[in-house]
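Each remark here refers to the structure printed beneath this line.
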Amino acid sequence: MISAIRSGDQSAMAALYDRYSSIVYSVALRVLGDTGAAEDVLQDVFMQLWRNPGLFDSNRGSLGAWLAVIARNRAIDALRKRRPESDIEDVVLSVETDLAAEADRARAAEKVRSVLGTMPGPQRAALEMAYFEGLTHTEIAAKTGEPLGTIKTRIRAGLTTLRKAFQE
Amino acid sequence: MSGHEQFAEGLALYALGVLEGEERANLEKHLDGCSGCRQELEALRGDSALLAMSTTGPKPPQRSRQRLLSAIAKEARLSAVPSAPAQRFNLWSIFGWAAAVGMLIVVIQLRRQNEALQQAANSLGSVLGSQTIELENARRIVDTLTAPDAQTVTLVAAKTPPQPQGKAFYLKNRSGLVFVANNLAPLPPDKIYELWLIPPDGKPIAAGLFKPDAKGNASVINPPELPPGVEAKTFAVTLEPASGPHDAPRGTGVMQGGA
Chain S
1 MISAIRSGDQ SAMAALYDRY SSIVYSVALR VLGDTGAAED VLQDVFMQLW RNPGLFDSNR
61 GSLGAWLAVI ARNRAIDALR KRRPESDIED VVLSVETDLA AEADRARAAE KVRSVLGTMP
121 GPQRAALEMA YFEGLTHTEI AAKTGEPLGT IKTRIRAGLT TLRKAFQE
Chain D
1 MSGHEQFAEG LALYALGVLE GEERANLEKH LDGCSGCRQE LEALRGDSAL LAMSTTGPKP
61 PQRSRQRLLS AIAKEARLSA VPSAPAQRFN LWSIFGWAAA VGMLIVVIQL RRQNEALQQA
121 ANSLGSVLGS QTIELENARR IVDTLTAPDA QTVTLVAAKT PPQPQGKAFY LKNRSGLVFV
181 ANNLAPLPPD KIYELWLIPP DGKPIAAGLF KPDAKGNASV INPPELPPGV EAKTFAVTLE
241 PASGPHDAPR GTGVMQGGA
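One line per chain: the protein sequences are S and D, in this order. Residue numbers for the first sequence follow this note's numbering, beginning at 1 and rising by one. Residue numbers for the second sequence follow this note's numbering, beginning at 1 and rising by one.
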């Protein structure tokens, strides 16, 4: 599909949108809480891919996961009313879980929600504040009244818990 | 894990894009030279992707799809630009390969033609060379046989007096005849030697008159009176009256030999 987009195939781009627009839009909406702003992020993410499909490295993981991370980063930038802080080219991630199919993504999403549900409340809160609100550990510490080191540890522990859950 | 535990928490924050200040600068400096921590960063981003994937919500409105498709249609030319050189490259590449293949075929054909011509030239040269050699050999034979200063030595059994000998070379289709003789006795007065070609029907055909030199040597070369295409059964030499006639043998026989 990416190769078709590289050759300028608009129908391939439409098919790719149909497959991944839901996850991109839901991430942006979760971060921004505003449908109009989320649509702008949606537009921006897919236009970036259309203009430069070579940004995605298929050897590094699934396209869905990559788009979700790009959407989250763009949404955080929009939320904090700052210029895009990182170029898309810088976002390299590795995902071992196959998330290409809709069913796989649905199962993965359910599993993540399950893992988050088992996390200690403060740990989950720190992780979600960092990820979906883009708060720095300093901001989280100030907001929660917890020590900086504790916030760091919780965020790292939360990510580690997610990884272990998908390695089992 | 990267093995650099001191950067572990910083990496997690950095993966989420929420590490700031001096800690961020120090970590980025470390990442430049640490492939293990870069790999861990990629893994942490993958972990964070799971968080993104966990979100649920309504599907985007249909207008978003139309907006995107309209936008990419407007930028179709722009997006196609990077691939256009590739297409041109492919096109030229095809032409280039075709030209290269064509040139290769032409070169092969020219080489084959050249080899064929070279072989033909070599063959012609070989034929010409062999013909030249044959002609030279023929000239040397004739010169040796007919040259006035050629030495002629006849070898015979010891204590045997030299006997008259002759040798005829005859080519009937061309009426070619070379006859050489030696050890001929000196001619008596009013006598002459006459060469005869005797065909299968037995009627001798006059093939030339000749006189030996002081050493008893003589020759007849291509006598003009010889008709073409006559089969030769025998050649003979007779001693005839010098005054003739010479159309048929009337004198005494000197020597003869079957063809």
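All C-beta atoms, glycine included, are put in the ideal place defined by N, C-alpha and C. This one's a predicted model, so the numbers in the text were calculated from it and none came from an experiment.
| Query | Result |
| --- | --- |
| Please name the residue or residues paired with residue 237 (chain D) in a DSSP beta bridge. | D:195 and D:255 |
| Examine chain D for any beta-carbon lying closer than 8 angstroms to the beta-carbon of residue 181 (chain S), and answer yes or no. | Outside the displayed span of chain S (1 to 168) sits residue 181 (chain S), for which this structure offers no information. |
| Mind listing which residues of the segment 39-54 of chain D have their C-beta closer than 7 angstroms to chain S's C-betas, in chain order? | 42, 43, 44, 45, 46, 47, 48, 49, 50, 51, 52, 53 and 54 |
| Using 8 angstroms as the threshold, is the C-beta distance between residue 248 (chain D) and residue 223 (chain D) below it? | no |
| Counting only Cβ-Cβ distances shorter than 7 angstroms, please list the residues of the segment 156-167 of chain S near chain D, keeping chain order. | 156, 159, 162, 163 and 166 |
| Taking the C-alpha atoms as reference points, what is the distance between residue 236 (chain D) and residue 137 (chain D)? | 28 angstroms |
| Of the residues S:162, S:55 and S:39, which one's Cα is nearest the Cα of residue 113 (chain S)? | S:162 |
| Rounded to a whole number of angstroms, what is the C-alpha to C-alpha distance between residue 4 (chain S) and residue 68 (chain D)? | 17 angstroms |
| If the cut is a Cβ gap below 7 angstroms, which residues of chain D does residue 153 (chain S) touch? | 9 |
| Could you tell me the distance, in whole angstroms, from the CA atom of residue 4 (chain D) to the CA atom of residue 157 (chain S)? | 16 angstroms |
| So residue 70 (chain S) and residue 45 (chain S) are supposed to be a Cβ contact under 8 angstroms. How far apart are they, rounded? | 5 angstroms |
| Leaving aside the five residues before and after residue 21 (chain D) along the sequence, list all residues of the same chain whose C-beta is less than 8 angstroms from its C-beta, in chain order. | none |
| Counting C-beta neighbours from all protein chains within 10 Å, is the total for residue 197 (chain D) 16 or more, i.e. buried, or is it exposed? | buried |
| When you check each C-beta in the segment 38-65 of chain S against every C-beta of chain D, which residues fall closer than 9 angstroms? | 38, 39, 42, 43, 46, 47, 50, 51, 52, 53, 54, 60, 61, 62, 64 and 65 |
| Would DSSP call residue 166 (chain D) helix, strand or coil? | strand |
| Would you list the one or two residues that DSSP bridges to residue 178 (chain D)? | D:169 and D:221 |
| Just reading off the alpha helix (DSSP H) that residue 127 (chain S) is part of, what are its end residues? | 121-132 |
| Would residue 149 (chain S) be called buried (16 or more neighbouring beta carbons within 10 Å of its own) or exposed? | exposed |
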